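The structure appears below as structure tokens.
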Amino acid sequence: MIDEVREPVLSQEYLVRFGRQSETVRCFGTEDENPQRGENVIVQTDRGERLATIMQKLPQPIFEETEANPQAILVRTASAEDMQREQELRQKADQEFGIWQERIDKWQVAVELVDLEWTHDGERLLLYVLNDRGPECTKLALMTAAKGLGIVEVVPLSSNGIAAEKKSGGGCGSGGCGH
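Each residue of the sequence shown is one higher than the one before, counting from 0 in numbering that gives the first Met the number 0.
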């Protein structure tokens with residue numbers, strides 16, 4: 000998905016912040032773009048298009064062409080239409096919050112829904128839940144898929160923000176077994 004946007008040489012590097020849970024990542028753009036600190040931009044991430052805020056332009060880009068997966072690619076400066084769309088998606092998410100809480104209760108999934116958010120392209124719903132990555136998050140993801148509710152990603156949160164993926168120790172079912 001990011002490769003589709005990545006035709007020009009990505010020689011500028013920024014720190015950007017996006018999302019309801021304030022993820023800060025490295026973002027790459029071309030020399031043609033020159034957004035300033037605090038400016039809103041649209042970035043392409045592994046989760047889809049997101050509205051982001053420029054935190055800082057890095058003076059010396061540390062990106063190398065050999066780096067396989069940049070965290071975000073700067074697509075464009077956010078327009079008035081982008082800002083309006085973001086507001087509409089936020090309202091939609093607010094309206095759907097109670098519906099998702101009811102689904103989680105009905106499906107008996109032991110997670111607490113903290114927030115939800117649509118990606119800027121409107122193609123993916125992110126469910127932020129208070130839980131570690133594990134069986135309950137997997138159960139919620141499987142239930143949403145089984146019910147045909149679109150592209151829904153369960154994003155577990157911990158006291159430190161988005162829960163990191165656990166490193167596998169091996170063994171069957173962990174991806175480290177080799178069977």
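Virtual Cβ for every residue (Gly too), placed ideally from N, Cα, C.
No experiment lies behind these values; they were computed from the predicted model shown.
For residue j and residue i, the rounded distance between their alpha carbons
| i | j | result |
| --- | --- | --- |
| Leu148 | Leu141 | 11 angstroms |
| Thr65 | Gln94 | Per-residue confidence for Thr65 stands at a pLDDT of 48, beneath the threshold of 50, marking its modelled position as unreliable; no derived number is given. |
| Arg25 | Ser157 | 22 angstroms |
| Gly133 | Asp31 | 43 angstroms |
| Glu111 | Cys136 | 10 angstroms |
| Asn196 | Thr143 | The structure shown does not extend to residue 196, since the chain is modelled only from 0 to 178, so the question has no answer here. |
| Leu88 | Thr23 | 21 angstroms |
| Asp114 | Phe96 | 7 angstroms |
| Arg46 | Pro58 | 27 angstroms |
| Ala77 | Asn39 | 5 angstroms |
| Asp120 | Gly28 | 19 angstroms |
| Gln107 | Lys91 | 24 angstroms |
| Leu9 | Gln20 | 27 angstroms |
| Met82 | Gln11 | 24 angstroms |
| Asp131 | Ala109 | 11 angstroms |
| Lys105 | Leu139 | 11 angstroms |
| Glu85 | Leu125 | 14 angstroms |
Exposed unless 16 or more other CB atoms sit within 10 angstroms - verdict on residue i
| i | result |
| --- | --- |
| Gly37 | exposed |
| Lys166 | A caution first: Lys166 carries a pLDDT of 42, below 50, which makes its placement in the model unreliable, though a value can still be read off. Lys166 comes out exposed. |
| Ala145 | exposed |
| Arg16 | exposed |
| Ala51 | buried |
| Cys176 | Because Cys176 sits at a pLDDT of 39, beneath the cut-off of 50, its placement in the model cannot be relied upon, and the point is left open. |
| Glu122 | exposed |
Rounded distance between the beta-carbons of residue j and residue i, thought under 8 angstroms
| i | j | result |
| --- | --- | --- |
| Val151 | Tyr127 | No, Val151 and Tyr127 are not in contact; Cβ-Cβ is about 12 angstroms, not under 8 angstroms. |
| Ile53 | Arg75 | Ile53 to Arg75, Cβ: 13 angstroms. No contact. |
| Gln43 | Tyr13 | Actually they are not in contact, since the Cβ atoms of Gln43 and Tyr13 sit about 13 angstroms apart, beyond 8 angstroms. |
| Gly18 | Glu80 | Actually they do not touch by this definition, with Cβ atoms about 20 angstroms apart. |
Continuous beta strand (DSSP E) stretch holding residue i: start and end
| i | result |
| --- | --- |
| Glu22 | Glu22 to Gly28 |
| Ile150 | That residue, Ile150, is in no beta strand (DSSP E); it is neither H nor E in DSSP. |
| Ala51 | Gly47 to Lys56 |
| Trp117 | Glu111 to Trp117 |
| Glu12 | Gln11 to Phe17 |
Below-8 angstroms beta-carbon distance, residue i vs any chain D residue
| i | result |
| --- | --- |
| Ile72 | Looking at the structure shown, chain D is missing, and only one protein chain is on hand. |
Unbroken alpha helix (DSSP H) run spanning residue i, endpoints
| i | result |
| --- | --- |
| Arg89 | Ala79 to Lys105 |
How do the region 69-79 and the region 96-113 stand: do at least 3 beta-carbon pairs fall below 8 angstroms, yes or no? no
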